[in-house]
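Counting in our numbering, the sequence shown runs from 5 upward without gaps. Using N, Cα and C, we set each Cβ at its ideal position, and we do this for glycine too. Keep in mind that this is a model prediction, so the values were computed, not measured. Below you'll find the structure, written out as C-alpha cells, and then a few comments.
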Amino acid sequence: MGTAIPTTQIQPSIVPTKPPRAWRHPDQHLLVAMNAPWYGLVLDLQDAVTRATVNFFSARGLRAAHLPITTGSISSPMGLGSDSLPVAIELHGERVYLADSMQFLLEYATRLTGRGAYYIMPSFRGECHDTTHLNEFFHSEAELRGNLTDVLDTVDAYMTALSSALLEVTSLTQTLQQRTRHLQIFASGGRAPRVTFDEAAVMLADIPDAIEYDPAGYRTLTRSGERALAQQMGGAAWVIEWDAIATPFYQATVERRGDLRSLNADLVLSGPGEVVGAGQRHTTATEVLEALHRRGIDPEPYRWYLQMKREAPLVTAGFGLGVERLLCWALGHDDIRDLQLVPRLLGIPRAF
Numbered sequence: 005m006g007t008a009i010p011t012t013q014i015q016p017s018i019v020p021t022k023p024p025r026a027w028r029h030p031d032q033h034l035l036v037a038m039n040a041p042w043y044g045l046v047l048d049l050q051d052a053v054t055r056a057t058v059n060f061f062s063a064r065g066l067r068a069a070h071l072p073i074t075t076g077s078i079s080s081p082m083g084l085g086s087d088s089l090p091v092a093i094e095l096h097g098e099r100v101y102l103a104d105s106m107q108f109l110l111e112y113a114t115r116l117t118g119r120g121a122y123y124i125m126p127s128f129r130g131e132c133h134d135t136t137h138l139n140e141f142f143h144s145e146a147e148l149r150g151n152l153t154d155v156l157d158t159v160d161a162y163m164t165a166l167s168s169a170l171l172e173v174t175s176l177t178q179t180l181q182q183r184t185r186h187l188q189i190f191a192s193g194g195r196a197p198r199v200t201f202d203e204a205a206v207m208l209a210d211i212p213d214a215i216e217y218d219p220a221g222y223r224t225l226t227r228s229g230e231r232a233l234a235q236q237m238g239g240a241a242w243v244i245e246w247d248a249i250a251t252p253f254y255q256a257t258v259e260r261r262g263d264l265r266s267l268n269a270d271l272v273l274s275g276p277g278e279v280v281g282a283g284q285r286h287t288t289a290t291e292v293l294e295a296l297h298r299r300g301i302d303p304e305p306y307r308w309y310l311q312m313k314r315e316a317p318l319v320t321a322g323f324g325l326g327v328e329r330l331l332c333w334a335l336g337h338d339d340i341r342d343l344q345l346v347p348r349l350l351g352i353p354r355a356f
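Spelled out as C-alpha cells, the structure:
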C-alpha cells in the first residue's frame with residue numbers, strides 16, 4: 005500500500021508569477037498569448053507530457069490508438085454512478101455525443117493487441133468550468149490486460165516518468181526556481197499510499213463537507229474532501245474501492261463485509277484534487293448488463309459493448325489522467341483555465 009510522504013516534502017508551492025488570464029477576454033487572447041511567456045511554458049509542458057507518454061507506453065508494449073471523438077455510447081450516461089454531463093451534438097443530421105472518455109474503444113483496441121492501448125486526445129464534459137474543471141480537456145488514457153493492482157502500479161510508474169520529464173523542462177524549473185520537491189519525490193520513485201474509501205471516510209469524519217451523501221445511498225468525495233485527504237496523506241493518495249453505485253456501470257465490483265464495492269481508484273493530489281481515475285472493468289456481458297439495470301440505464305446504446313464482452317471476455321483495467329490538472333499540480337497553480345493554449349470554455353465565446 006505504500007507509506008505516506010511527509011507533507012512538507014510533496015506540497016507544490018504556488019508559482020510566483022501569475023499568467024495573464026487571457027481566457028477572460030477571448031477577443032484579446034491571441035495577441036496577449038503571443039506576448040506572454042506563460043503560454044510558451046504551457047506548450048513546453050504539453051510537449052514534455054506527450055513525449056514522455058509515448059516513450060513510457062511504447063517501452064511497455066502498448067499501442068497508440070487513433071480513435072474518433074464522436075460516439076453513440078458515452079461512458080458516463082445519465083443515471084446512478086454518472087460522474088459527468090454528456091455533450092450532445094448534431095452531425096450530418098444524426099444526434100451523437102462528443103466523447104467524455106475513449107475507454108470503451110480502448111477496451112476494444114486492447115483485444116486487438118497483446119498488451120493494451122493508449123492515447124492522448126480531447127475529452128468533453130457538459131458541466132460548467134471552474135478553477136479545477138474544464139469542459140474540453142486533454143485526456144491521457146490507457147487500457148491494459150490485467151487487474152486493478154496492475155493498473156495502479158502502471159500509473160505509479162507513469163507518474164515517475166512524467167515527473168522526470170517535466171523536471172527536464174528548463175522553462176518550468178526556471179519558473180519554479182527551487183520549488184520542485186513535489187516533482188522530485190515522484191521522479192525518484194515515490195508512490196502515493198493507497199487507502200480504501202471506507203478508511204478515507206474515517207480520516208475525513210471531522211471535516212465539514214468532505215464527503216457527499218447521495219439520497220440513493222452512496223458516498224463520494226467532494227473536491228475539498230480530496231484536497232483534505234491528500235494533505236493528510238502527505239500530498240498524494242490513492243482512494244480505492246468506492247461504493248459500487250457511486251461509480252460508472254463498467255467498473256468491476258467486489259463484496260467487502262456484505263457491501264458491494266467498486267474495483268476502482270482515484271489519485272488525489274494537493275492542489276487540483278483528483279488527477280487520475282482508474283478501474284478494473286467487468287469481464288462478462290452478464291456483469292455489464294446487471295450493472296446497467298442496477299443504475300436504470302438503457303442497454304441499447306451499449307449493444308456493441310455487450311457483444312464485445314460476450315464474444316471476447318477479458319480481464320482489463322485502465323485509467324484516465326487529466327493533463328491540465330497534472331500541469332496545475334506540477335506548477336502549483338490555482339486555476340486550470342490558464343492551462344489551455346486556446347480557450348474552450350462553456351459560456352465564453354470562441355474568438356478563434
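Check, Outcome
"Give the single residue among T257, S88, A113 and Y112 whose Cα lies nearest to the Cα of L102.", "S88"
"Three Cβ pairs or more, each shorter than 8 Å: is that satisfied between the segment 157-167 and the segment 202-218?", "no"
"Among residues of its own chain, excluding the 5 on either side of A56, which ones have a beta-carbon nearer than 6 Å to its beta-carbon?", "A165, L166 and A169"
"What would DSSP say about L95, mapped onto helix, strand or coil?", "strand"
"Using 8 Å as the Cβ pair cut-off and three pairs as the minimum, do the segment 268-276 and the segment 322-340 touch?", "yes"
"On the three-state DSSP scale, how would you describe N268?", "strand"
"Please confirm whether G65 and R115 have their CB atoms less than 7 Å apart.", "no"
"Please list the terminal residues of the continuous beta strand (DSSP E) segment that includes T257.", "T257 to R260"
"Does F253 come out as helix, strand or coil in the three-state DSSP assignment?", "coil"
"Measure from the alpha carbon of H143 to the alpha carbon of each residue in M38, L350, F323 and M163, then state which is nearest.", "F323"
"For L345, count neighbouring Cβ atoms within 10 angstroms of its own Cβ and tell me buried if that reaches 16, exposed if not.", "exposed"
"Specify, as a first and last residue, the run of the beta strand (DSSP E) that R25 falls within.", "Run containing R25: none; DSSP gives neither H nor E here."
"Roughly how many angstroms separate the alpha carbons of N2 and H29, rounded to a whole number?", "In this structure the chain extends from 5 to 356, so residue 2 is not present and cannot be described."
"Quick one, are the C-beta atoms of V280 and L325 less than 7 Å apart?", "yes"
"Helix, strand or coil for V243 per DSSP?", "strand"
"Here's a check: name, in chain order, each residue in its chain whose Cβ is nearer than 7 Å to the Cβ of L349, leaving out the five neighbours to either side.", "W27, H133, N139 and R341"
"Output needed for P41: all residues of its chain with C-beta closer than 8 Å, excluding positions within five of it in sequence on either side, in chain order.", "S175"
"For K22, count neighbouring Cβ atoms within 10 angstroms of its own Cβ and tell me buried if that reaches 16, exposed if not.", "exposed"
"If you measure between the beta carbons of E98 and E147, is that distance less than 7 Å?", "no"
"Of the residues Q236, T75 and S77, which one's Cα is nearest the Cα of A196?", "Q236"
"Would you report the Cα separation of A52 and H186, rounded to the nearest angstrom?", "17 Å"
"Smallest Cα separation from D270: which of G229, H33, G300 and G44?", "G229"
"Can you give, in chain order, each stretch of the alpha helix (DSSP H) that sits fully within the segment 167-195 and has at least 4 residues?", "174-180 and 185-191"
"Please specify which runs of the beta strand (DSSP E), each continuous and at least 3 residues long, are wholly inside the segment 205-240, giving them in chain order.", "215-217 and 223-225"
"Contact check, P317 vs T288 under 8 Å by CB: the rounded distance?", "5 Å"
"Please check the pair V91 and G130, which I expect to be a contact at CB under 8 Å, by giving their CB distance rounded to whole angstroms.", "5 Å"
"Looking only at C-alpha atoms, which of E172, T75, T135 and A232 sits nearest to L45?", "E172"
"Tell me whether S79 sits in a helix, a strand or coil according to DSSP, three-state version.", "coil"
"Per DSSP, T200 is paired with what?", "I244"
"Looking at the structure shown, is P358 part of a helix, part of a strand, or coil, going by DSSP?", "The question about residue 358 has no answer, for the chain in this structure spans 5 to 356."
"Could you pull out every residue in the same chain whose Cβ sits closer than 8 Å to the Cβ of Y217, ignoring the five residues on either side in sequence?", "R223"
"Is it true that the CB of Y122 sits closer than 7 Å to the CB of F61?", "yes"
"Are S79 and D104 close, meaning C-beta to C-beta below 7 Å?", "yes"
"So, at 7 Å on beta carbons, what are the nonlocal neighbours of L95 in its own chain, with the 5 sequence-adjacent residues on each side left out?", "T74"
"Which residue's Cα is closest to the Cα of T153: V319, I93, D210 and T135?", "V319"
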